[in-house]
Structures are given as structure tokens and as C-alpha cells.
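A.B. asks:
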Amino acid sequence: MLLKDKTILVTGSSSGIGRSIAIECAKNQAHVLIHYRKNQAGAKETLQQVQQYSQGEIYSADLSVPVQVKHLFASFSAKFPDMLVNNAGESIPGQFDDYKLWKSQWENIFMSQVYCVNEFLKNKSDVLKKIVNISSIYGLFNMGDENYPQYSAAKAAVNSWTIILARKLKNQCLVNAVAPGWVWTPPWEGTPEETQNNLTSLTQIKRFIHPDEIASLVVSLLQNDALTGEIIRVDGGLHLPSLGN
1 MLLKDKTILV TGSSSGIGRS IAIECAKNQA HVLIHYRKNQ AGAKETLQQV
51 QQYSQGEIYS ADLSVPVQVK HLFASFSAKF PDMLVNNAGE SIPGQFDDYK
101 LWKSQWENIF MSQVYCVNEF LKNKSDVLKK IVNISSIYGL FNMGDENYPQ
151 YSAAKAAVNS WTIILARKLK NQCLVNAVAP GWVWTPPWEG TPEETQNNLT
201 SLTQIKRFIH PDEIASLVVS LLQNDALTGE IIRVDGGLHL PSLGN
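Written as C-alpha cells, this is what we have:
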């Protein structure tokens, strides 16, 4: 499926991976709906880059609040999305007994996708719908990070949710997920060089992944009409040390 003239909502597209996905969609002549929660300046910068190739608009909402998600999708009456990229969410480290963080990460990472998908599916049309959920290697089996237990568990839920959705929706909507490894995005800025080197030494490519490398895969998934129910790992050949080493 060509993306030309399709309308695509990219959540959390004011910076990082989301911005790269929005721009890549625009390069394929899609109409891009740019979403942000707090970073309005970043969203405006994304829009400027999107408009070099196609059209787009900016929308704001806290996706962890159901009523705000309902209002967001209601505002799309003129340009309701044909495709949804669930990218929004931030990783926060925490202790196992930090119950407040368990709740907030669950809402921020997982439930935000549930809310968006349910609103997205309310629009009935003859166009084959597509959903791409952005997960993480931390959500894969045996890959959870003990310093990010809440985030890891929520991303594991995203992976399971992706497979369940694909089975449930069948040919009504194709659903896949991308599980990135360490992608060079704003939160990594300021990380000591030694830490960067220690991390990248565990990968086959010996470097961080670029956001546009994730974006090109997401666009490929949106274009593909035969792939559904897949969790695609993009981590540069990451091999973590065995437990006890």
C-alpha cells in the first residue's frame, strides 16, 4: 500500500523516534498528524520538517487520560487517521516497591496505546487500517532491565497486546510492533562517553541506532499489506552478558 494521501497519526512525535517517523511518512506523501504532550516547540519543529515534503497538523493530549484521548480523536473529524503509530511514552527507572511509578508507567506506556487503539478503531471505513506499536527490547523475553522494572513490564504488555490485536482484528486492521534497542534520542544526550562505549560494545554494529533507521522500518510496515502480529527487534545485534558473568 502506498502511503500517498493516507492520514497517519504519530503519537509522541515532537522529538526522537516519533519525529523521524513523522518525517519519513511525509517523505512518502502521507498527511501527518503530529502529537505531543508537553513539547510544543518540538512539535512545531517537526511540523516544519514535515511540511518540506507533505502536509501535517499539530495536536496535543495526555494519552494516559482517556477523556483527553477521546477529545483528540474527536478533533480529527476532517482528517481521521487511516493509520496509527503508537510511539508516545517515556522510560523512568524505579524500585520494585515504587507503586506510584508502577501505576504511572502502566498508564503512560501501555494504557495510552489501548486508549488510542480503541478510539482509532471506532472509525469505520473501507480502507485497510494499520497500527504499529513502538515497544522496546526491554519488553522481550529475558530482556527486561532490573533498573526499569515498570517500563520493562509495560513494554512486555505492549508486545502481548500487539499479537492479541492482530489475531482479533484479522483483515480489518494489520497490527505489528517494533522493539528498538538503544536509539540515540534526546534522553541519551549528556551520557558519559565511557557509558556509551560500554553499551555499544555489546552490539554487533558497535554504535547506537539512528532514529531514522527505526522510522524506515515503521514506514515499511505501514506499506506492507501481508504482515501482521509480528514483533520486530531492531537492536544492532545486541548480546547481553549471561547472568552470573
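Numbering (our numbering), first residue to last: 1 to 245.
Note that beta-carbon positions come from the ideal geometry of N, C-alpha and C, so glycine has one too.
Quantities reported herein were computed from a predicted structural model and do not represent experimental measurements.
Just mark G237 as buried or exposed, buried being the case when its beta carbon has 16 or more other beta carbons within 10 Å.
C.D. replies: Exposed, because fewer than 16 other Cβ atoms sit within 10 Å of the Cβ of G237.
A.B. asks: State the Cα-Cα distance for the pair P186 and A43, rounded to the nearest angstrom.
C.D. replies: Cα-Cα distance, rounded: 14 Å.
A.B. asks: For L63 and R37, I'd like the C-alpha separation in whole angstroms.
C.D. replies: Their backbone Cα atoms lie some 8 Å apart in a straight line.
A.B. asks: Considering Cα atoms alone, identify which of V10, M143 and K155 is closest to I254.
C.D. replies: Past the edges of the chain, shown from 1 to 245, lies residue 254, and the structure says nothing about it.
A.B. asks: Considering only C-alpha positions, which residue in the set H31, S75, S13 and A30 is nearest to T46?
C.D. replies: It is S13 whose Cα lies nearest to the Cα of T46.
A.B. asks: By Cβ distance, which residues of its chain are closer than 6 Å to T7, with the 5 residues on each side in sequence left out?
C.D. replies: Within the same chain, T7 has close Cβ partners H31, K79, P81 and D82.
A.B. asks: In chain order, which beta strand (DSSP E) runs of at least 3 residues are fully inside the region 120-165?
C.D. replies: Qualifying beta strand (DSSP E) stretches, in chain order: 129-134.
A.B. asks: Taking the CB atoms as reference points, tell me whether N86 and V127 lie closer together than 9 Å.
C.D. replies: Cβ atoms of N86 and V127: not closer than 9 Å.
A.B. asks: Quick one: Cα of N245 to Cα of N171, how far?
C.D. replies: Only weak support exists for where N245 lies, its pLDDT of 41 falling under 50; the value from the coordinates is given anyway. Straight-line Cα distance between these residues: approximately 46 Å.
A.B. asks: Whole angstroms are fine: how far does the CA of T200 sit from the CA of P241?
C.D. replies: Using only the alpha carbons, I get a separation of about 13 Å.
A.B. asks: For L217, which residues of its own chain have a beta-carbon under 8 Å away from its beta-carbon, when the five flanking residues on both sides are left out?
C.D. replies: V178, I232 and V234, listed in sequence order.
A.B. asks: With a Cβ-Cβ cutoff of 9 Å, do S20 and Q40 count as a contact?
C.D. replies: No, Cβ-Cβ distance for S20 and Q40 is not below 9 Å.
A.B. asks: Give me, in chain order, the residues of the same chain whose beta-carbon lies closer than 6 Å to that of I164; leave out the 5 immediate sequence neighbours on both sides.
C.D. replies: Closer than 6 Å at Cβ, skipping near neighbours: no residue.
A.B. asks: Which residue's Cα is closest to the Cα of F110: D5, A157 and K27?
C.D. replies: The option with the nearest alpha carbon to F110 is A157.
A.B. asks: Determine the direct distance from the alpha carbon of V132 to that of D225, and round the result to whole angstroms.
C.D. replies: Those two C-alpha atoms are separated by around 13 Å.
A.B. asks: Might you give, ordered along the chain, the residues of its own chain that have their beta carbon closer than 8 Å to the beta carbon of V10, omitting 5 neighbours on each side?
C.D. replies: Around V10: G18, I21, A22, C25, V32, L33, I34, H35, V85 and N87.
A.B. asks: Over the uninterrupted beta strand (DSSP E) stretch that includes G56, give me the two end residues.
C.D. replies: Element bounds for G56: G56 to S60.
A.B. asks: Mark A74 as exposed unless 16 or more other C-beta atoms lie within 10 angstroms of its C-beta, in which case mark it buried.
C.D. replies: That one is exposed.
A.B. asks: Could you pull out every residue in the same chain whose Cβ sits closer than 8 Å to the Cβ of L227, ignoring the five residues on either side in sequence?
C.D. replies: Once the five neighbours on either side are set aside, the close Cβ partners of L227 are L174, N176 and L221.
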